[in-house]
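These notes are about the structure you will find just below.
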Amino acid sequence: MSPSLMMRSDTAYTLNFLVYIQNLYLNQRSGQGEERYRFPYLSERKIPFLADFEREFAKVWAEAASTRIAEEPFHDLNMFKAHRELVYERLFVQEAGSDRHYDDIYRSFFAWWNSMAGRFALERAFDNQKLYDALKAAVLANGGKIRKTFDISILYDACTLGEEKAFSYFAIMPYADCLLKEGVLVAKLRACLNK
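Here the sequence shown is numbered in the UniProt record's numbering, starting from 1 and rising by one per residue.
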């Protein structure tokens with residue numbers, strides 16, 4: 001008999017906003033070649049990131065992912081609305097005019113994310129059946145028992161500066177992993193079942 005599975009997937013505002021900022025930082029960092037640019041790319045302006053951005057970003061990512069969203073996925077929108085304290089004050093240089101740069105980034109993300117090419121496109125292109133089948137395979141490989149609903153948060157791109165941690169019955173998945181890396185996908189889901 002097949003196990004009864006409850007799975008819920010979403011596209012977290014906060015985590016995707018952090019990936020958006022991460023990608024701006026990576027594009028601005030020296031040594032990046034054109035073939036390595038990530039979305040979004042801004043060529044005109046130098047964004048005032050903290051000198052120790054990568055260390056601070058990892059902390060913000062861990063707090064947003066584990067302490068807040070993994071524990072209660074429905075808090076994501078409230079956290080996103082409180083973005084200034086979580087993101088701007090912890091990742092950007094606090095000087096005259098830097099808040100304007102941050103506000104531009106925030107509005108740019110919000111406009112893209114709420115457009116047909118942002119969150120809606122990610123949700124529509126996402127294959128829930130493939131993810132469900134991968135979760136089912138992970139559950140069967142884990143003994144066939146599932147205790148509660150499995151929540152999955154989909155990212156438009158990978159988070160390379162934050163730790164990829166396994167949470168109990170909660171996974172953060174870059175869209176490319178869901179689409180192209182079935183083995184990686186099943187391994188991640190299985191790790192979350194063992195927590």
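Quick reminder that beta carbons are idealized off the backbone N, C-alpha and C, glycines included.
Report the three-state DSSP secondary structure of L161 (helix, strand or coil). For the purposes of this step, residue 161 is taken as the residue at position 161 of the sequence shown. Here DSSP, grouped into helix, strand and coil, assigns L161 to coil.
Within the same chain, show all residues whose beta-carbon is closer than 8 angstroms to that of A171, passing over the 5 residues directly before and after it, in chain order. Reading the sequence shown from its first residue, position 171 is the one you call residue 171. F150, D151, I152, S153, K188, L189 and C192, listed in sequence order.
State the start and end residues of the unbroken beta strand (DSSP E) segment that holds R8. Against the sequence shown, residue 8 aligns to sequence position 8. Residue range M7 to D10 is occupied by the beta strand (DSSP E) that includes R8.
Of the choices F57, D52 and N142, whose alpha-carbon is the least far from that of T160? Stepping through the sequence shown from its first residue, residue 160 is reached at position 160. The option with the nearest alpha carbon to T160 is F57.
In the DSSP output, which residue or residues are listed as bridge partners for S153? On the sequence shown, position 153 is the one that residue 153 refers to. Partner(s): D10 and I172.
M6 and Y132 closer than 7 angstroms at C-beta: As a position in the sequence shown, residue 6 is number 6, starting the count at 1. As a position in the sequence shown, residue 132 is number 132, starting the count at 1. 7 angstroms or more divides the Cβ of M6 from the Cβ of Y132.
Where M1 falls: helix, strand or coil (DSSP): Residue mapping note: residue 1 aligns to position 1 of the sequence shown, counting from 1. Because M1 sits at a pLDDT of 40, beneath the cut-off of 50, its placement in the model cannot be relied upon, and the following sentence gives the value as read from the coordinates. Of the three classes helix, strand and coil, the one that applies to M1 here is coil, per DSSP.
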